[in-house]
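**Student:** Quick one: structure below, then a few questions.
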């Protein structure tokens, strides 16, 4: 038996970043370990430049995700006006980029074009399990999620949460049991069987599980490699790690 902290992630839009090269910004169908621990770090109050504290989070917890509804894919053609770089000079704020960059005689403002992907109406349950090196006890993280130091969002600042995280500590045999024992009060009362107790549309009953390390109570059907282990958060550098996958069809 072990203790697991379980909470939910839901919003009208989410963006779980994949490797971004050029103007295409793809989104995964599930939040990876880096995204999950990023949410926890923000709740605790860890800044991106505190690399040692972020490393402690990475090595201190195993994570799992249960994708109840992956949502539907939305693509956004995105334009951003930014100045190009000037030697070692850096712009401190967005206002500096527009005002200082645009007021120069050579007007350094340029336009960046990108295609960005979002997952709409996605519902995911998250479970974390501490290792022997865990820097924070699960009750500390639970309290941080209830009263976060920084604003929490689903991958991008334009993707806020729409439902409370409703974190719970569950004592059970593994990730599978922890994720399936998670319960929360209904948000919308409905008798429609095509909707779950939150009132969110569920297209089918296929549930996909993703986790790192040993799950304890389920076997992987597939193992993939993803860049989820944070090396330098400020430079967005990540190392590869193995992620296990299992798909189940419920009632």
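In the working numbering, the protein residues as written are 18 to 268. Glycine is no exception: its CB is placed at the ideal position from the N, C-alpha and C atoms.
(1) What does a CB cutoff of less than 8 Å around residue 249 pick up in its chain, not counting 5 residues either side in sequence?
(2) Buried or exposed, going by whether 16 or more other CB atoms sit within 10 Å of the CB of residue 269?
(3) If we call anything under 7 Å between Cβ atoms a contact, is residue 24 one with residue 186?
(4) Where does the unbroken beta strand (DSSP E) through residue 192 begin, and where does it stop?
(5) Measuring only the C-alpha atoms, how far is residue 81 from residue 97?
(6) With DSSP as the reference, label residue 57 as helix, strand or coil.
(7) When the distance is taken between beta carbons, is residue 161 closer than 7 Å to residue 276?
(8) Within 10 Å of its beta-carbon, does residue 84 have 16 or more other beta-carbons around it, so buried, or fewer, so exposed?
(9) Is the beta carbon of residue 229 sitting closer than 7 Å to the one on residue 262?
(10) Measure the alpha-carbon distance for residue 92 versus residue 18 and round it to whole angstroms.
(11) Whole angstroms is fine: what's the gap from residue 155's alpha carbon to residue 73's?
(12) Do residue 113 and the ligand ZN come close, with the Cβ less than 6 Å from some heavy atom?
(13) Within a Cβ cutoff of 6 Å, which residues of the same chain sit near residue 256, ignoring the five residues on either side of it in sequence?
(14) Name, in chain order, the residues that DSSP records as bridge partners for residue 89.
(15) Please classify residue 264: is it buried, with 16 or more other beta-carbons within 10 angstroms of its beta-carbon, or exposed?
**Tutor:** This is what the structure gives:
(1) As a first step, residue 249 is located in the chain shown; it is residue number 232 there, counting from the start. These residues qualify, in order along the chain: 68.
(2) This structure cannot speak to residue 269, because the chain is shown only from 18 to 268.
(3) Locating residue 24 in the chain shown gives position 7, where the first residue counts as 1. Locating residue 186 in the chain shown gives position 169, where the first residue counts as 1. Cβ atoms of residue 24 and residue 186: not closer than 7 Å.
(4) Start at 1 with the first residue of the chain shown, and residue 192 comes out as number 175. Where residue 192 is concerned, there is no enclosing beta strand (DSSP E), although the alpha helix (DSSP H) it sits in stretches over 192-198.
(5) Position 64 of the chain shown, counted from the first residue, corresponds to residue 81. Position 80 of the chain shown, counted from the first residue, corresponds to residue 97. Distance between residue 81 and residue 97, taken at the CA atoms: about 34 Å.
(6) By one-based count along the chain shown, residue 57 stands at place 40. In the displayed model, residue 57 falls within a helix according to three-state DSSP.
(7) Because residue 276 is not part of the residues shown, which for the chain are 18 to 268, the question remains open.
(8) As a working mapping, residue 84 is identified with position 67 in the chain shown. With 16 or more Cβ atoms within 10 Å of its Cβ, residue 84 is classed as buried.
(9) Taking the chain shown and counting its residues from 1, the one referred to as residue 229 is at position 212. Taking the chain shown and counting its residues from 1, the one referred to as residue 262 is at position 245. Cβ distance not < 7 Å, so residue 229 and residue 262 don't count as in contact.
(10) Here the question's residue 92 lines up with position 75 in the chain shown. Here the question's residue 18 lines up with position 1 in the chain shown. Cα to Cα, residue 92 sits roughly 43 Å from residue 18.
(11) As a position in the chain shown, residue 155 is number 138, starting the count at 1. As a position in the chain shown, residue 73 is number 56, starting the count at 1. The C-alpha of residue 155 lies about 14 Å from the C-alpha of residue 73.
(12) Summarising the ligand content, the structure contains no ligands, and the ligand ZN is consequently not present.
(13) Here residue 256 refers to the residue found at position 239 when the chain shown is read from its first residue. Cβ within range, chain order: 246, 248.
(14) Taking the chain shown and counting its residues from 1, one reaches residue 89 at position 72. In the DSSP output, where bridge partners are listed per residue, residue 89 has 137.
(15) Against the chain shown, residue 264 aligns to sequence position 247. With fewer than 16 Cβ atoms within 10 Å of its Cβ, residue 264 is classed as exposed.
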